[in-house]
Amino acid sequence: METRQRTMVADYYTMLGVDPGADRGALEAALARCQPLWSSGTRNPKNKHTYQSYLDQIPAIRQALLGAPADRAAYDAELAAAQRVERDRKLDALQRRLRLRSAKGGLTVADRALLRDEAVRLGLTAADLDRLAELIPPKPESPAEEDAPDPPVDVLDPAMRRQIRVALTHLRRLDLYEALSLTRDAPAQEIINLTDAERRRWMQKAQVTAEKTAWLELVSHAQSHLTTPESRARYDRTLALEAEEALIASIEFALQGLPRLDPGTRNALHDEGAALGITPDRVDRLIVRACRSLGVARDAGPSAATAPVAPRLLRCRACAGVTDFAQAARQKAAACRHCRASLHWDCPICKKPHWVDEPRCPCGFRVELRDPLIRHFEAATRAYKTRDLETALRHLQRIQEFAPKHVGTRKAMERIQHRLADINRARAAWESARTAGRLVAALEALELWASMLHPSHPEVDPSRADVTTPLRRAQSLAARGRAAAATDPRAARSFYQQSLALASDLPEALDGLHRCPPDHPSSLIADYVDGRVRLRWVAPAPDGLGPLSYVLLRKHGGAIEHLADGTRIAEVTATEYDDGQVNPGDTVSYAALSKRGGAESISAAAIGPIVLLGEVTDVRVEASDHEVDLFWSPPANALDIRVVRKLGAPPTGVKDGERVETLRDRAHDRHLENDRVYHYGLFSVYKRPDGPMVASRGVFVSAQPHPPIEVLPTPTLALDAGGRIRLDWPRPPRGTVKILRTLKPAGRAPGDRLSIAEAEALDGHWLDVTAPDHASDPSPPALGVCHYTPMIASAGMLTVGRSVAYSCVPDPSDLRATRVGHGQRVHLRWRWSPQGAQSLIVARAGAAPLDSDDPEAHRILVHELDYGRLGHHTLTLPLNVEGPWHIRVYSVAQVAGQTVVSPGLEPTARTLLPGPHPEVTVSYAFRRPGFPGRPWQLTFRTEPAGAEIPPTALVAHPRTIPLSVDDGEIVQQFPASRDGSTFPIRSKLNLANQRARIFADPHTEPDNMPPIRLRHPENGVTRA
28 METRQRTMVA DYYTMLGVDP GADRGALEAA LARCQPLWSS GTRNPKNKHT YQSYLDQIPA
88 IRQALLGAPA DRAAYDAELA AAQRVERDRK LDALQRRLRL RSAKGGLTVA DRALLRDEAV
148 RLGLTAADLD RLAELIPPKP ESPAEEDAPD PPVDVLDPAM RRQIRVALTH LRRLDLYEAL
208 SLTRDAPAQE IINLTDAERR RWMQKAQVTA EKTAWLELVS HAQSHLTTPE SRARYDRTLA
268 LEAEEALIAS IEFALQGLPR LDPGTRNALH DEGAALGITP DRVDRLIVRA CRSLGVARDA
328 GPSAATAPVA PRLLRCRACA GVTDFAQAAR QKAAACRHCR ASLHWDCPIC KKPHWVDEPR
388 CPCGFRVELR DPLIRHFEAA TRAYKTRDLE TALRHLQRIQ EFAPKHVGTR KAMERIQHRL
448 ADINRARAAW ESARTAGRLV AALEALELWA SMLHPSHPEV DPSRADVTTP LRRAQSLAAR
508 GRAAAATDPR AARSFYQQSL ALASDLPEAL DGLHRCPPDH PSSLIADYVD GRVRLRWVAP
568 APDGLGPLSY VLLRKHGGAI EHLADGTRIA EVTATEYDDG QVNPGDTVSY AALSKRGGAE
628 SISAAAIGPI VLLGEVTDVR VEASDHEVDL FWSPPANALD IRVVRKLGAP PTGVKDGERV
688 ETLRDRAHDR HLENDRVYHY GLFSVYKRPD GPMVASRGVF VSAQPHPPIE VLPTPTLALD
748 AGGRIRLDWP RPPRGTVKIL RTLKPAGRAP GDRLSIAEAE ALDGHWLDVT APDHASDPSP
808 PALGVCHYTP MIASAGMLTV GRSVAYSCVP DPSDLRATRV GHGQRVHLRW RWSPQGAQSL
868 IVARAGAAPL DSDDPEAHRI LVHELDYGRL GHHTLTLPLN VEGPWHIRVY SVAQVAGQTV
928 VSPGLEPTAR TLLPGPHPEV TVSYAFRRPG FPGRPWQLTF RTEPAGAEIP PTALVAHPRT
988 IPLSVDDGEI VQQFPASRDG STFPIRSKLN LANQRARIFA DPHTEPDNMP PIRLRHPENG
1048 VTRA
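Per our numbering, the sequence shown runs over residues 28 to 1051.
Printed below as a string of structure tokens:
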């Protein structure tokens, strides 16, 4: 629902009783004089609202008349527009009266006299009437007639009507409907809701004003007269009566002095009644009553001849002169014929042109608001240019009160909002920089902020002083630091740091602190080690200005006297440096100074001159039985090498201990006690240029003579759970065992002696030895071959033992050997490895083969295709060789282009073949129990009779006959026995439902097992 806008501009000059041109002093005096009078006037009930409204408007009076000149100019423009609207309203009323009196075709002398009285009553002059009546012709007088008065109408009593009218007049409203922005046919519930909401809205305002009192009274009247059908009908009749009273006043004015009602006057009165919402019939009745009351003769009525239409007259808004519309419409630029002012006005909202007699644009904008809009917009523009955004925003808000759709105002407010946002950002940047101590950035942000504010803004000068005062102090401290930097860097840094504590972004303080020389290092130490001088120094205390680097200077032959004396040899960031560009016997001096960026310390840490005493290198010690051999490389320029021996502790000098006879690069010390530690000092002796001899600090070693170390035999390999390799060896009588795993042979022969450095230089992996006689490799190589080399460590030396190889290729299994006849032929059967296409048979008489490369054994390579054609391999043993024969079989495969032999760890891949005598044939039989609950029985027989039987195992399978020990489950094991032995089968397995056979116990070492041949029964549970 659209709310109607009304211009409510109070005349503050009239309220104060001063002339509109009065100066500021006269206005302040008038306000001081009127304020107590208004306060006392609020005690009179008749004038309470008026004087209370005056008191409520005192802040607005001060702002409009005693504020900035632009504010007073805007108020004067708005007041002039309101006065012009009031004058136009009076002129409109007088022009309506003039139209009514001239509707009969002209004005008589009595008409003009009556109109002059009406003009005076309205507050206008006779000149105003003459301008309006200039185009109306004169007309002669007519006699008057008399008529009876109109009977009264039943409406609200006059007192209530007067109360309602007082409230409406104060609020500039016509009736209760317009005050609440309601239509005449609005539902009662809508009226109730709206009045309740309006009452709550005004009750929420704590301040009591005349406007609040008037609105609450108006809401109370609306609730009393519009919420019930009876009271609402009475109020509607009252509005109709007031409209008829206004029409009767117009009729009486139009008929006054007329002898007869002409058609033109009748039509004009009908138009007036239609404007007031009165039907034509009712207008006719009121005209008849007025004619009868005034004695004016009536014409023939509505059927009379059509009256002449009054011309459309345009009244100038500048001089109030009238111009015929027809004449103005023919002009290219319609102008007043009196003052040449334009008879058009353009709506600032929709930009459409209108004639001056059209007071309202279709968009809702009224012509009387155009000048205040322009004046306020001009005032806002001037305030914006002077950066008085608060005043500009107040003028634009005033425009939005009566022209909310004005596009220019909306854009201007958006621009001001953007500018206010920029101001807030600049202020926030200033506050942030000031809080962080960045005074330079704060001053820049302050200047930016001040450039967007009014020059007289109260916060600018205190804020500027808050920044510039400490900034000047910081600049003074930075200047003091700059003056002290060349002589006292520590004091200069203190001044710069104090300056930055006040202004952390002061450029001269930051640059000065960066260029300020750092403190110099201290405690420079020089050690000549391994042909190079190792320099060490202590860094200066951190000053928090960043990392330092160090410049090193060297001078030969004398001390360094100043920072430009000597040669710069390096710039490093660590606190140590090795100088290798020196020779033993040289005399040198060193200095170290600090550097940060391009600034260097003004002093340095120095040492020297010092004589470089080189030491022997590549010292090697070999201890043997009652003897110690020393080997070394002598340094250049050394005159002699002296070796001193001492017990219990290293020698402290050349004369501390027994001297040992030496050659240039070696010494041999004899007649020593075994298992006793001897300490040796090797000193290089130099001759100074001035003549004296000087010895170096010395190189110290120790040695322990001992008897010869035995060579460790080849370790035994075993495969543990989880893929771990276990190595076992006999415990040596002295020393500790270390195991080296390499991918290739270590390249050292058994018995070679290595120093610890030489051993550690070997390419391989040292296993963790957890016991003196065994070790484990938790992660052997998954591919290829690796070699394990044992070494015995004793007296600082390692003695190489015999190595053993391990490969990733699986071994064959289930090796069986059977003699053919009584000769030297043996049939060998085994289960092939899944990775090997070849097998290597190694047979040795009288002892087990050492490995696959045992030179004392017979080696035969067998291809899987040859083996597959016969199902076995026939081995022919040499003649005249006593047994028994130890036979092993290995898998041979190609891995990454390399021939790899399996490690030989599978126990079933080796067997023992007896000598020329025949092997034992073992048969067996199962016997069912005679009574339920008793166990099955197993009986063994041998050929020849009475032979020994090795440990055996019973293997069972629920579906198929086991062909080997791996084809089923071992359900029971039997110890070694002889021919005829019987054993109960104590397993709960029911052999009637199983397939079972007897095999040699796989847990027994093959080398300890006599050769046998098993003959399986061909009936019962063993039948295949």
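C-beta atoms are modelled at their ideal positions from N, C-alpha and C, and glycine is treated no differently.
*Rounded Cβ spacing between His197 and His76 (contact assumed at less than 8 Å)*: The C-beta separation of His197 from His76 comes to about 6 Å, placing the pair in contact by the 8 Å criterion.
*Between Ala317 and Asp46, what straight-line distance do the alpha-carbon atoms span, to the nearest angstrom?*
Going by the C-alpha atoms only, they are around 45 Å apart.
*Measuring only between beta-carbons, confirm whether Arg1040 sits less than 8 Å from chain C.*
Given the protein chain composition of this structure (a single chain), no chain C is represented.
*Straight-line CA distance for Ala802 to Asp795?*
Taking the straight line joining both Cα atoms gives about 7 Å.
*asked:* On the criterion of 16 or more Cβ atoms from any shown chain inside 10 Å, does Ala1019 qualify as buried, or is it exposed?
replied: Ala1019 is exposed by the Cβ-count criterion.
*Using DSSP with H/G/I as helix, E/B as strand and the rest coil, what is Ser830?*
Coil at Ser830, not helix or strand.
*Thinking C-beta only, is Ala109 closer than 8 Å to Val36?*
Less than 8 Å separates the beta-carbon of Val36 from that of Ala109.
*Return the CA-CA distance between Leu121 and Val310, expressed in angstroms with no decimal places.*
C-alpha of Leu121 to C-alpha of Val310: approximately 21 Å in a straight line.
*What is the DSSP secondary structure of Val671, reduced to helix, strand or coil?*
Here Val671 carries a strand assignment [DSSP, helix/strand/coil].
*How would you call Ala628, buried or exposed, if buried means at least 16 neighbouring beta carbons within 10 angstroms?*
Looking at the sequence provided, one finds Ser at residue 628 rather than Ala. Per the 10 Å Cβ criterion, buried.
*Do Pro807 and the ligand ADP come close, with the Cβ less than 7 Å from some heavy atom?*
Annotation note on the ligand ADP: not contained in the displayed structure, which lists no ligands.
*Is the region 622 to 636 touching the region 679 to 691 in the sense that three or more CB pairs, one from each, lie closer than 8 Å?*
Contact between the region 679 to 691 and the region 622 to 636 is absent, because fewer than three Cβ pairs lie under 8 Å.
*If you draw a straight line from the C-alpha of Val827 to the C-alpha of Ser821, how long is it?*
Cα to Cα, Val827 sits roughly 12 Å from Ser821.
_Once DSSP output is grouped into helix, strand and coil, what is the label at Val922?_
Of the three classes helix, strand and coil, the one that applies to Val922 here is strand, per DSSP.
*Nearest-angstrom Cα distance between Ala101 and Arg192?*
Cα to Cα, the separation comes out at about 31 Å.
*asked:* For the beta strand (DSSP E) containing Glu970, name the first residue and the last one.
replied: Start and end: 963 to 970.
*Sequence-distant residues of its chain with Cβ nearer than 6 Å to Tyr262 (five each side left out)*: Within the same chain, Tyr262 has close Cβ partners His252.
*Thinking C-alpha only, which one of His541, Leu990, Val889 is nearest Asp841?*
It is Leu990.
*When we look at the beta-carbon of Leu620 and count the other beta-carbons within 10 Å, is it buried (16 or more) or exposed?*
It is buried - the Cβ of Leu620 has at least 16 other Cβ atoms within 10 Å.
_Between the CA atoms of Gly508 and Trp457 - distance to the nearest angstrom_ = The straight-line gap separating the alpha-carbon atoms of Trp457 and Gly508 is approximately 27 Å.
_With the cut-off set at 8 Å, would you say Asp613 and Leu639 are in Cβ contact?_
Using a Cβ distance threshold of 8 Å, Asp613 and Leu639 count as a contacting pair.
*Please name the residue, chosen from Thr602, Gly924, Lys582, that lies closest to Gln608 on a Cα-to-Cα basis.*
Of the candidates Thr602, Gly924, Lys582, the one whose C-alpha sits nearest the C-alpha of Gln608 is Lys582.
*asked:* Among Leu221, Met440, Arg669, Ala301, whose alpha-carbon lies nearest the alpha-carbon of Arg425?
replied: That would be Met440, whose Cα lies nearest to the Cα of Arg425.
*If you draw a straight line from the alpha carbon of Thr236 to that of Ala97, how long is it in whole angstroms?*
Rounded to whole angstroms, Thr236 to Ala97 spans 28 Å at the Cα level.
*Determine, using beta-carbon pairs with one atom in the region 781 to 800 and one in the region 751 to 771, whether at least three such pairs fall under 8 Å.*
The answer is yes - the region 751 to 771 touches the region 781 to 800, with three or more Cβ pairs under 8 Å.
*Which residue from Pro662, Pro719, Phe727 puts its Cα closest to that of Arg647?*
Closest option to Arg647, Cα to Cα, is Phe727.
*Could you have a look at Val36 and say whether DSSP puts it in helix, strand or coil?*
Three-state DSSP puts Val36 in coil, outside helix and strand.
*Is the CB-CB distance between Gly435 and Arg158 below 8 Å?*
Their beta carbons are not under 8 Å apart, which means Gly435 does not touch Arg158 by this criterion.
*Enumerate in chain order the residues of its own chain whose CB-to-CB distance from Leu498 is below 8 Å, with the five nearest sequence positions on each side excluded.*
Closer than 8 Å at the Cβ level, and outside the excluded window around Leu498, lie Leu466, Val467, Leu470, Leu529, Ala530, Leu533.
*As assigned by DSSP and simplified to three states, the class of Met1036*: Secondary structure at Met1036: coil, using DSSP grouped into helix, strand and coil.
*Compare the Cα-Cα distances from Arg517 to each of Pro569, Pro485, Leu690 and report the closest residue.*
Of the candidates Pro569, Pro485, Leu690, Pro569 places its Cα closest to the Cα of Arg517.
*Closer than 7 Å by C-beta to Gln84: which residues in its own chain qualify, once you throw out the five before and the five after it? Chain order, please.*
Its chain contains Ala37 as the residues whose beta carbon lies nearer than 7 Å to that of Gln84, once the 5 sequence neighbours on both sides are disregarded; these appear in chain order.
*asked:* For His899 and Arg1040, what's the separation of their Cα atoms in angstroms?
replied: Distance between His899 and Arg1040, taken at the CA atoms: about 16 Å.
*In three-state DSSP terms, what is Ile819?*
DSSP places Ile819 in strand when its eight states are reduced to three.
*Thinking C-alpha only, which one of Tyr411, Gln427, Val578 is nearest Gly445?*
The question names Gly, but residue 445 in the sequence shown is His. Nearest C-alpha to His445: Tyr411.
*Start-end ranges of the beta strand (DSSP E) lying completely within the region 741 to 769, minimum 3 residues*: Scanning the region 741 to 769 from its first residue to its last, the whole beta strand (DSSP E) runs of 3-plus residues come out as 743 to 746, 752 to 755, 763 to 769.
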